[in-house]
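Here's the structure we're looking at; comments come further down.
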Amino acid sequence: MSIIYQGKSIRTMNPHLPQATHIAVRDGHILAVGTAQDIDGWQKAWGPLELNTDFASRSLLPGFIEGHSHMMEGMFWDYHYVGFYDREGPDGTVWPGLKSIDAVVDKLKEIQATREDKDTPLLAWGFDPIYFTDRRMNAADLDAVSEDCAVIVLHASLHILNANNFVMDAADVKNADNSEFIRRDENGQPNGEFLGQLGYYMAMRTTGINLLAIASSPETLVNFANVARQTGVTTATDLVNPVPEGSEKPMRDAIDADDFPMRLVVAFQGNSKEPDEAVARMQELQASNSDKLRFSIVKMVADGSIQGFSARLKWPHYYNGAENGLWYIEPERLGEYLKAYTKAGIQVHVHTNGDECTEVALDKIEEALREHPWPDHRHTLQHCQMATRAHFKRMKSLGVGVNLFSNHLYYWGDAHINITMGPERAARLDDAGGALAEGVPLAIHSDAPVTALAPLFTAWCAVNRLSSGGVTLGNGTQNITVEQALYAITMGAAYSLKMENEIGSLECGKRADIAILADDPVDVGAAGLKDISVIGTMVGGIVHLNQGRD
Amino acid sequence: MQTPATNARAQKTPLTIISGFLGSGKTSLLNHLLTQAGPENGGRRITAMVNDFGALNIDAELIAEKHGNQIALANGCVCCSIGDDLMRSFIEVMQQDPLPDHIIIEASGVAEPTRIAGFASVDPQMRLDGIVTLVDAAAHHIHANDPHLADNYGKQIEAAHLLLISKPDLANAQQRAALNDELRAAYPHVPLAEVTHGKMPIDVVLGLNSDSAPALPTDEMAHNLVQWAGHLPPLPRHKIVKRLETLRPHVLRAKGVLRDSAGDYVLHLAGGRISTETYAGDASGHFVIIGKPQMPDAATLEKLFTQNEAA
């Protein structure tokens, strides 16, 4: 079936025809883009074409591409959201933001009261203590929810969780001398907060919930895609997945279904096998790609996070005096993997948060390229939050792209100014303006579920650089324009995934992936970007509407 | 859900962490430990968590079964590949039924061993036995001055309950002596020994924080270490402890099932700590010390521990 969709405005990201009003779609692809005057010609060349005016009052953009997210986003919706901000679940239900610790506890009490099986573990997620400066949530808060079952609250950062005494007793941690992972109160008693992976491990070992298994189930995928659809995303990434043997087939079955509203690019966990085996596995995976599911990139994680004080920073390290962060892989091993993948022609995305890590990653990429020259490798640094302009210059020379974690500016901007980086260095946090000024291919991301998946919000962050505390980070040279931000969440991200010939712009021959918006983001302008209502998406010519939007 | 009974320390599976930089000999040590283990040899049923099966270089004849990321060895031990996901690996290992007698993890070269130890502290069924850090004799100077890794290197050494200087043959005499002096001065109570090709008795490496009845080592000390065994008369335990103290820093391990007027007890020197505890059985008076060649000779030790007057 061939249909011409009429929009109020179409922003194509195609420099030869930046704006249009009509777009013709056939067999999942874009047949033509133009205006009402072009329709006669299209009918003669390719007719018959049916005119659809459902979106005649809407703005159409290329479907948004989330270049750094995690399938885990879909997992948590089986549990209870207790975040500070309103968040919309996969079924369209809006979970209201909870503005105090007491409000979180009350919400959990309410949930517990209505649960049928009160002895099963109660799991909540999205809690963010950064908004509650007067005190920290503790075990007693959660004991008030229940003393007879495990009550666990995962933090938004995914780096910390809170547990009640039931969990601490079961895990037998009260006398553990390893205080680095267990926060304590002034009396030296564990206060119920657990840091890092260990909290998750403890939660799984004491509740029996296998958070890892859920992460790759078809239900999780569907939830993830539905959250993505609500924000105008037509292609998302699962930016690190070990893809165990046999797991690709169930993923493909779920994703290839027509009603699955998203394409997914899976980044293979680069060091989950030794270099030779990993290259072989990656080649095997690439052979099983479909239109909607791609195993096309590899992810390597080189350090931790800035707000978790585990990012590797150059001297003088953290502003509050915390000791330098962690390497997640030996730099030498990172180099070995980069060489193996570069030799095999496999694109690598490297997670680097701190500037020391960014520099080492660039060293290792350069070494790999000297051994195995590859003009369009397009290796990409992910997060890369503290890169200097000198780093961007070097990235340009090396052909390395960047995908910046712009949402950090809002969620942790104040913390970076006051605690982790100090005002001078925080000014260059996620310097999208710098990347473009130096000519580095740019994408921007949410790292969902670490922050909410919503490319228009991410674009708003990169354009405005405003923290949740109302402070502007930088002096204006780090900001990008609305148009540049829209490019970053479409063509920029497509380029970072080597999919710019398929998706990312609306032009003849490309896939019919469209974000359907209530208003034209360029007309709305910088301040209102994040508030634009997303009506739905089109993926490969199939329309997926969000409920209750106008 | 764990009952209080299963939380009892004695029922928790001990975890030993082998730490050290890339190339420091972690895999060689693990290899050697595995050859000394397994119920087939009357020893522990070990699960080893490793980064790379290939590097382990397990004799094909020893492999009983290979399944996904696990290799079952003919001697009853199991090797698991960690991949890049330590948490997933620990979940899998702790799902084994029955649980292994001992878990050994070969940490990545940049891992902070105290962080890995955290898994044991939050797991209802696991406890930390010890952290063994390998220090590459020839590369020590390079690692200690690496602009990106020096801090990490220091943390690995600082965390150790047992320090093993590897590849002493690749360092010159001056380097060896300097390294030995440096570590001895910085960590006077941490046992320190040289190891070549990973050859170290399993009872020196495992059981650093043991409180179970000791399996007295009987094997030949083919590891450039010396062993002395004897039977001790029922001397007051504080005297034995005091005499043992005089042998530092040459002793790596000591175990005794002894008796004095207060009753039967077990004495340990492990991980640099000396401890005693009540023994429920019938003490034999058997006492074993594993130490370095610099340890006094057998006659001296015999005299030291059996004489009735204060040493």
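Those protein sequences? They're chains A and B, same order as listed.
Its first residue numbered 16, the first sequence is counted upward by one per residue in the working numbering.
Its first residue numbered 1041, the second sequence is counted upward by one per residue in the working numbering.
Even for Gly, the Cβ is constructed at its ideal location relative to N, Cα and C.
Only a predicted model underlies this, so the values are computations on that prediction, with no experimental measurement involved.
Between which residues of its own chain and residue i is the CB-CB distance below 7 Å, once the five residues before and five after are set aside?
i, result
"residue 88/A", "239, 242, 463, 464, 468"
"residue 1303/B", "1318"
"residue 1148/B", "1091"
"residue 43/A", "526, 527, 555, 556"
"residue 399/A", "367, 373, 417, 419"
"residue 1260/B", "Below a pLDDT of 50, predicted positions are generally treated as unreliable, and residue 1260/B, at 46, falls in that range; the measurement from the model is reported next regardless. Answer for residue 1260/B: no residue qualifies."
"residue 1045/B", "In this prediction, residue 1045/B has a pLDDT of 39, which is less than 50 and means its spatial position is unreliable; nothing more can be read from the coordinates."
Under 8 Å between the Cβ atoms of residue i and residue j?
i, j, result
"residue 161/A", "residue 127/A", "yes"
"residue 1205/B", "residue 1220/B", "yes"
"residue 1168/B", "residue 1160/B", "yes"
"residue 308/A", "residue 271/A", "yes"
"residue 294/A", "residue 359/A", "yes"
"residue 301/A", "residue 311/A", "yes"
"residue 554/A", "residue 233/A", "no"
"residue 339/A", "residue 1191/B", "yes"
"residue 376/A", "residue 1164/B", "no"
"residue 1248/B", "residue 1311/B", "yes"
"residue 477/A", "residue 447/A", "yes"
"residue 489/A", "residue 442/A", "yes"
"residue 1289/B", "residue 1344/B", "no"
"residue 1128/B", "residue 227/A", "yes"
"residue 1098/B", "residue 1144/B", "no"
"residue 1203/B", "residue 1162/B", "no"
Under 8 Å, Cβ to Cβ, is there at least one residue of chain A near residue i?
i, result
"residue 1079/B", "no"
"residue 1024/B", "The first residue shown for chain B is 1041 and the last is 1351, placing residue 1024/B beyond what the model contains."
"residue 1334/B", "no"
"residue 1161/B", "yes"
"residue 1062/B", "yes"
"residue 1326/B", "no"
"residue 1059/B", "no"
"residue 1134/B", "yes"
"residue 1041/B", "Caution is warranted here: a pLDDT of 39 is assigned to residue 1041/B, below 50, making its placement in the model unreliable, and no coordinate value can be reported."
"residue 1131/B", "yes"
"residue 1148/B", "yes"
"residue 1257/B", "The pLDDT assigned to residue 1257/B is 46, lower than 50, so where the model puts this residue is not dependable, and the model offers no usable value."
"residue 1192/B", "yes"
"residue 1092/B", "yes"
Given residue i, which residues of its chain have a CB within under 6 Å of its CB, disregarding the five upstream and five downstream residues?
i, result
"residue 1208/B", "1177, 1216, 1234"
"residue 169/A", "140, 176"
"residue 1173/B", "1059, 1060, 1196, 1197, 1200, 1203"
"residue 422/A", "461, 466, 473, 476"
"residue 1269/B", "1328"
Here's a check: name, in chain order, each residue in its chain whose Cβ is nearer than 8 Å to the Cβ of residue i, leaving out the five neighbours to either side.
i, result
"residue 536/A", "26, 74, 76, 471, 474, 497, 501, 544, 547"
"residue 401/A", "321, 326, 328, 368, 369, 370, 373, 436, 440, 443, 444"
Tell me the DSSP bridge mates of residue i?
i, result
"residue 205/A", "199/A"
"residue 475/A", "Beta-bridge pairing links residue 475/A to no other residue."
"residue 1294/B", "1309/B, 1329/B"
"residue 1267/B", "1330/B"
"residue 175/A", "210/A"
"residue 288/A", "In the DSSP output, where bridge partners are listed per residue, residue 288/A has none listed."
Counting only beta-carbon separations shorter than 8 Å, does residue i have a partner in chain B?
i, result
"residue 375/A", "yes"
"residue 560/A", "no"
"residue 322/A", "no"
"residue 188/A", "yes"
"residue 196/A", "yes"
"residue 185/A", "yes"
"residue 342/A", "yes"
"residue 205/A", "no"
"residue 566/A", "As shown, chain A starts at 16 and ends at 565. That puts residue 566/A outside it, with no answer to give."
"residue 346/A", "yes"
"residue 221/A", "yes"
If the cut is a Cβ gap below 8 Å, which residues of chain D does residue i touch?
i, result
"residue 266/A", "Within the model displayed, chain D is absent; protein chains A and B are what it includes."
Looking at C-beta atoms only, is the number of pairs between the segment 68-85 of chain A and the segment 213-221 of chain A that lie closer than 8 Å three or more?
no
Specify whether the segment 424-436 of chain A and the segment 386-394 of chain A touch according to this definition: at least 3 beta carbon pairs, one from each stretch, less than 8 Å apart.
no
Please confirm if the segment 247-259 of chain A is in contact with the segment 99-108 of chain A, defined as three or more CB-CB distances below 8 Å between the two stretches.
no
Under 8 Å, with one C-beta from each stretch per pair, do the segment 1275-1293 of chain B and the segment 1327-1335 of chain B reach the 3-pair mark?
yes
On the three-pair Cβ rule with 8 Å, is the segment 1054-1070 of chain B touching the segment 1194-1201 of chain B?
yes
Pairs of beta-carbons, one from the segment 506-523 of chain A and one from the segment 38-58 of chain A, closer than 8 Å: are there three or more?
yes
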